[in-house]
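The block underneath contains the structure these notes are about, expressed in structure tokens.
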Amino acid sequence: MLSVENITRDYPGRRTSWLRKPEPVRAVNDVSFSMKQGQSTALVGRSGCGKSTLARMILALDKPTGGAIRFMGETLTGKDEAQLKPARRNMQVVFQDPYGSFNPRHKVERLVAEPLHVLEKQPDAGERREMVARALHEVGLKPADMDKYPHEFSGGQRQRLSIARAIITRPKLVVADEPVSALDVSIRAQILDLFADLNQRLGVAYLFITHDLSVARAITDEVMVMHEGRIVERGRTNEVLDYPQSEAGKALVAATPDLRRAIAKRLQEQG
Numbered sequence: 003m004l005s006v007e008n009i010t011r012d013y014p015g016r017r018t019s020w021l022r023k024p025e026p027v028r029a030v031n032d033v034s035f036s037m038k039q040g041q042s043t044a045l046v047g048r049s050g051c052g053k054s055t056l057a058r059m060i061l062a063l064d065k066p067t068g069g070a071i072r073f074m075g076e077t078l079t080g081k082d083e084a085q086l087k088p089a090r091r092n093m094q095v096v097f098q099d100p101y102g103s104f105n106p107r108h109k110v111e112r113l114v115a116e117p118l119h120v121l122e123k124q125p126d127a128g129e130r131r132e133m134v135a136r137a138l139h140e141v142g143l144k145p146a147d148m149d150k151y152p153h154e155f156s157g158g159q160r161q162r163l164s165i166a167r168a169i170i171t172r173p174k175l176v177v178a179d180e181p182v183s184a185l186d187v188s189i190r191a192q193i194l195d196l197f198a199d200l201n202q203r204l205g206v207a208y209l210f211i212t213h214d215l216s217v218a219r220a221i222t223d224e225v226m227v228m229h230e231g232r233i234v235e236r237g238r239t240n241e242v243l244d245y246p247q248s249e250a251g252k253a254l255v256a257a258t259p260d261l262r263r264a265i266a267k268r269l270q271e272q273g
């Protein structure tokens, strides 16, 4: 379904001398991996390791310096926006801060329906409303919520809205960039359960971008550890998290609290 082949991304470096051309900064360095339909993969690493840059290139929001990205049998690299439209139907994104990606002046119906413009056959007003209602129901919200504004929802509910917007076109792949890091630990578990449920019911594949290994343990089949622009370790989730081989993987495991223990502690504190 997704094939990333020797992807590299360079950015202009800072000039240290008027006489010397600045050296480029390599954010992503010769990364290759593939994903199958329905697969759930975590790309983990510390801040600044290049994982969000890689995600942006997979979503065709940034252009690689070298390499190729193929999705559903089509090459994405080097194509203009019109040529990317078919891929956009099958690829969506969930951001860390859903409120920041919503126009606060628009009602939920309009916000959740935003991706529908990439469909080959545009739905009429009635069909659009029906599709929004179905997406809301699938993420645990009510159809009546489509007439509300984003500020009327809690943080967890807004992330559910963001997920509804991502699945409304029935994509094959959802890239989730730190989707639960801003949420309370108990709400975080609910959202991860929702991701898992949608994976089972809709067959959607996930690429989770996160620095938190507890997220990877809770939801994914496979983990890739990224460090200084490279994938330094890859394997089944339990194998990588229980027996990390790379120094970067070991450091992440040591720094990550267990989500299940954190939830149990919070429930105990609440009495």
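Numbers 3 to 273, taken from our numbering, label the letters of the sequence shown in order. Yeah, the Cβ is synthetic: ideal placement off N, Cα and C, and Gly gets one too.
Quick check on H139: does DSSP put it in helix, strand or coil?
helix
Contacts around L61, its chain only, beta-carbon distance under 8 angstroms, and the 5 residues preceding and following it disregarded
Around L61: M93, V95 and V177.
Does the segment 166 to 186 touch the segment 43 to 62, meaning 3 or more C-beta pairs lie closer than 8 angstroms?
In short, these stretches touch, since the Cβ pair count reaches three.
Compute the minimum distance between the beta carbon of T10 and the heavy atoms of the ligand FMN, and state whether it is under 6 angstroms.
Of the ligands one can find in the structure shown there are none, so the ligand FMN has no counterpart to examine.
Please name the residue or residues paired with Y13 in a DSSP beta bridge.
Beta-bridge pairing links Y13 to V27.
At least three beta-carbon pairs within less than 8 angstroms, the segment 30 to 50 to the segment 206 to 217:
yes
Once DSSP output is grouped into helix, strand and coil, what is the label at A250?
helix
Since I believe F35 is in contact with R236 (beta carbons under 8 angstroms), could you give me their beta-carbon distance rounded to a whole number of angstroms?
7 angstroms
Could you tell me which residues DSSP puts in a beta bridge with A146?
Beta-bridge pairing links A146 to no other residue.
Buried or exposed (CB count within 10 angstroms, at least 16 for buried), P14
exposed
Apply the 10 Å Cβ neighbour rule to E224 and answer buried if 16 or more other Cβ atoms are within range, or exposed otherwise.
buried
The beta strand (DSSP E) that contains I211, what's its start and end?
A207 to T212
7 angstroms Cβ cutoff met for A135 and I169
no
Confirm, please, whether the CB-CB distance from V46 to V187 is below 7 angstroms.
no
Pull up the CB-CB distance for L200 and E132, whole angstroms please, since I reckon it's below 8 angstroms.
About 19 angstroms separates the two Cβ atoms, so there is no contact after all.
For M148 versus V110, is the C-beta spacing smaller than 7 angstroms?
With respect to V110, M148 sits close: the two C-beta atoms are nearer than 7 angstroms.
Between P24 and R16, which are expected to be in contact by the criterion C-beta below 8 angstroms, what is the C-beta distance as a whole number of angstroms?
Between P24 and R16, the beta carbon gap of about 6 angstroms places them in contact (Cβ cut-off 8 angstroms).
Inter-residue spacing [alpha-carbon to alpha-carbon] between F197 and H213
18 angstroms
Are L254 and L215 touching if we call contact CB-CB under 7 angstroms?
yes
Sort F155, R28, D64 and T67 by Cα distance to G50 and report the nearest one.
R28
Sequence-distant residues of the same chain with beta carbon closer than 7 angstroms to H153, five excluded per side
P106
Residues that R232 bridges to, as DSSP identifies them:
Note: R232 sits in a beta bridge opposite H229.
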